[in-house]
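The structure appears right after this line, and notes come after that.
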Amino acid sequence: MTSTHNTKDSNHLPLTPIMHPWIQDLVANSSLLHKSVSKFSSPLNVQSLVPFEENIRAFKSVFDTYQLKHRVYFARKANKCVTYTKQAAELGEGVDTASFEELAQCLEAGINPTQLISTAAVKTQRLMELAVDNHVTIVIDNLDELDLLEKVTERTGKQANISLRVGGFTMDEVKLHTRFGFSISEAKKLILENLAHHPKMEYVGLHFHLNGYSIPERASAIGQCIELIDALAEQDVKTFHLDIGGGYLVNYLSDRSEWETFHKELKRALLEERPELTYRNDPLGIVKIDDTLYGEAKVYPYYNEVHKEGFLDSILTSNVKGYDQPIYQLLRDREIEMRIEPGRSLLDQTGITVARVAFRKHDSAGNLLVGLEMNRTQMKSSSADFLLDPIHLPHNLLDSSDGEQETFGYVVGAYCLEQEFILLRKIKFQGTPAVGDLLVFVNTAGYMMHFFESQAHQFALAENVFYSGDKEFRLDS
Ligand SMILES: Cc1ncc(COP(=O)(O)O)c(C=O)c1O
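The working numbering numbers the first residue of the sequence shown as -5 and each following residue consecutively.
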């Protein structure tokens, strides 16, 4: 297939993904991927437990360094495969469940209820009953949940364990906005007046989860929780754990300068000072009014030097107002169990999404479009675009595209919408991808594969398989 429009773009900017050795192996020996996409259909989510275990151990080693009692609860909302939950439990860690179904599936899988927590944003009676029946700790967010829980405990005669969600922390005199949880003062009143001596509802700890990725905000929130824990202790009310939720940054990209250049050049493109980087100069959330740009691209920060266990370490070694010791020391002195609920960061490098090329064509402006047997909900998060270069695997290796001219184009999907782009960024290919070739999207297990997947047009959902070095993949189970 020839194109006059897309074979030259010396201004193209790469965003090179980091790839774990298991991904490099599969990409280097692509016949297993080709065979498996034929068997399981396109797209196929291929995953590995090797990095998952490495990520869990990395977080644990930080807690071990500071001799902190701890447990890592995998936030399984980030990926629906039950395989990860079983692995987390086998390693002695826990699972944070966000719905009745997520909790029920973990219980059916035989995970010990003491390793499970429920943080669902909406808790139905059915969910409360299941949690209470199994003595699963419930994170309580509001008074109506507490009322419902009380009724469930009265009816069943069973005891409930409560971790109270707190929020609305102040940072530099400004309140951090949230729709979740009780303020510190509300929580104190509630615990002392309603829970401390309740016959059926036992207060066991505090929980928060902050939006965004600020280390100082997390440190400040922990400081305010410690003040509350101390105030409760003065009234002989013990707090057993402090759960600081998820939100540990991940680093997806291998090169800082690629990331910085992309952002700089995106703005230049929007101001028409250089050729476009995104489809029809999509601003990725930046607002342009009268040749002035406002705001930044609304995308996940894909390049991060402080990430995962380093991010946790930075929180624990922070100092907080009113105390002259670092956070880890404050928690250790009080014998508080530290809990975290990482989702995305435990899934770093655990998954790839592989899709088959269905067609090539040009749009009315002459842009090359590479159509995939996949839709955009099968690789979608709240980020305006997934800013990593895909890997192109030709199906006919003899017909290698190595010597071919570079082409530039956009990757589109199967939903019948003008907006149906798998990636908004212009992608460089070695030669033009052929029908039957594969594109591999790297590091998609955290949120990208499952969070927004839908079945419009009645397309089947993608299969989820696990790779452990064998010649066959194993289906998630
Ligand atoms: C309560 C709670 N815990 C944990 C997480 C997981 O966050 P992340 O995947 O960013 O680590 C979330 C994400 O929304 C959450 O709401």
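Each residue gets a CB set at the ideal place from its N, CA and C atoms; glycine is no exception. Because the structure is a prediction, the values reported are computed rather than measured.
Inspect the beta-carbon positions of Trp253 and Leu9 and report whether they are closer than 9 angstroms.
Reading the sequence shown from its first residue, position 259 is the one you call residue 253. Reading the sequence shown from its first residue, position 15 is the one you call residue 9. The beta carbons of Trp253 and Leu9 sit closer together than 9 angstroms.
Endpoints, the beta strand (DSSP E) within which Phe402 is located
Indexing the sequence shown from 1 puts residue 402 at position 408. For Phe402, the enclosing beta strand (DSSP E) stretches over residues 400 to 406.
Can you tell me which of the three DSSP states Ala349 falls into?
As a working mapping, residue 349 is identified with position 355 in the sequence shown. Reduced to three states, the DSSP call for Ala349 is strand.
Secondary structure of Ala454, DSSP reduced to three states
Numbered from 1 along the sequence shown, position 460 holds the residue referred to as residue 454. In the structure shown, the three-state DSSP call for Ala454 is coil.
Three or more C-beta pairs below 8 angstroms linking the segment 291 to 303 and the segment 196 to 206:
No, the segment 291 to 303 is not in contact with the segment 196 to 206.
By alpha-carbon positions, which one of Arg328, Asp342, Ala69, Lys169 ends up nearest to Leu226?
One-based indexing of the sequence shown puts residue 226 at position 232. It is Arg328.
Say yes only if the C-beta of Pro336 is nearer than 8 angstroms to one or more non-hydrogen atoms of ligand 1, and no if none qualify.
Your numbering for residue 336 matches position 342 in the sequence shown. In this structure, the C-beta of Pro336 approaches ligand 1 to less than 8 angstroms from one of its heavy atoms.
If you measure from the CB of Lys444, is any heavy atom of ligand 1 nearer than 8 angstroms?
Numbered from 1 along the sequence shown, position 450 holds the residue referred to as residue 444. Sequence check: residue 444 is His here, not Lys. Incorrect: His444 has no Cβ contact closer than 8 angstroms to ligand 1.
For Leu143, count neighbouring C-beta atoms within 10 Å of its own C-beta (all shown protein chains included) and say buried if the count is 16 or more, exposed if not.
Position 149 of the sequence shown, counted from the start, is the residue given in the question as residue 143. Result: buried.
Under 8 angstroms: does the beta carbon of Lys71 sit that close to some heavy atom of ligand 1?
The sequence position of residue 71 within the sequence shown is 77, counting from 1. Correct: Lys71 has its Cβ closer than 8 angstroms to ligand 1.
Taking a contact to mean a Cβ-Cβ separation below 9 angstroms, would you say Glu457 touches Gln372 in this structure?
As a first step, residue 457 must be located in the sequence shown, where it is residue number 463. As a first step, residue 372 must be located in the sequence shown, where it is residue number 378. Not a contact, by the Cβ cut-off of 9 angstroms.
What three-state label does DSSP hand Thr472 in the structure shown?
The chain is shown only over -5 to 471; residue 472 falls outside these bounds and no answer can be derived.
Which complete alpha helix (DSSP H) runs does the segment 259 to 324 hold, if anything under 4 residues is left out?
Every alpha helix (DSSP H) of 4 residues or more that sits fully in the segment 259 to 324 is shown, in chain order, as 302 to 310.
Going straight from the alpha carbon of Lys71 to that of Lys145, what length do you get?
Here the question's residue 71 lines up with position 77 in the sequence shown. Here the question's residue 145 lines up with position 151 in the sequence shown. So the two alpha carbons sit approximately 28 angstroms from each other.
Taking only heavy atoms of ligand 1 into account, decide whether any of them is closer than 8 angstroms to the Cβ of Asp90.
Within the sequence shown, residue 90 is the residue found at index 96, counting from 1. Checking the Cβ of Asp90 against ligand 1 gives yes.
Looking at the strands, I want to know which residues DSSP matches up with Asp90.
Looking up residue 90 in the sequence shown gives position 96. According to DSSP, which records beta bridges pairwise, Asp90 is partnered with Ala69, Ile111.
Return the residue from the list Arg159, Leu170, Glu167, Asp166 that minimises the CA-CA distance to Leu184.
Here residue 184 refers to the residue found at position 190 of the sequence shown. When only C-alpha atoms are compared, the closest one is Arg159.
Under the assumption that Val56 contacts Asp464 (Cβ atoms under 8 angstroms), give the Cβ distance between them as a whole number of angstroms.
Start at 1 with the first residue of the sequence shown, and residue 56 comes out as number 62. Start at 1 with the first residue of the sequence shown, and residue 464 comes out as number 470. The distance from the Cβ of Val56 to that of Asp464 is about 33 angstroms, inconsistent with a contact at the 8 angstroms cut-off.
Counting Cβ pairs, one atom from each stretch, are 3 or more of them under 8 angstroms apart for the segment 27 to 43 and the segment 340 to 358?
Yes: at least three Cβ pairs fall under 8 angstroms.
In the DSSP assignment, find the unbroken alpha helix (DSSP H) run with Asn536 in it and report its ends.
Any answer about residue 536 is impossible in this case: the structure gives the chain only from -5 up to 471.
Here's the rule: buried if 16 or more other CB atoms are within 10 angstroms of the residue's CB, otherwise exposed. What is Cys75?
Taking the first residue of the sequence shown as 1, we reach residue 75 at position 81. Result: buried.
Quick check on the DSSP output: the beta strand (DSSP E) that includes His386 runs from which residue to which?
On the sequence shown, residue 386 is found 392 positions in, with the first residue counted as 1. His386: member of the beta strand (DSSP E) spanning 385 to 387, first to last residue.
Looking at Gly104 and ligand 1, is the gap between the Cβ and the nearest heavy atom below 8 angstroms?
If you number the sequence shown from 1, residue 104 lands on position 110. No, ligand 1 has no heavy atom inside 8 angstroms of this Cβ.
4 or more residues per run - each alpha helix (DSSP H) lying fully within the segment 109 to 167:
If we require 4 residues or more, the alpha helix (DSSP H) runs fully inside the segment 109 to 167 come out as 119 to 128, 137 to 150.
Closest Cα partner of Ala82 within the set Gln61, Gly337, Asn5, Asp127:
Against the sequence shown, residue 82 aligns to sequence position 88. Residue Gly337 is the option with its Cα nearest to Ala82.
Ends of the beta strand (DSSP E) at Val31?
Stepping through the sequence shown from its first residue, residue 31 is reached at position 37. From DSSP, Val31 is part of no beta strand (DSSP E) but of the alpha helix (DSSP H) over 25 to 34.
Could you check whether the Cβ of Tyr242 sits closer than 8 angstroms to any heavy atom belonging to ligand 1?
On the sequence shown, position 248 is the one that residue 242 refers to. At least one heavy atom of ligand 1 is nearer than 8 angstroms to the Cβ of Tyr242, so yes.
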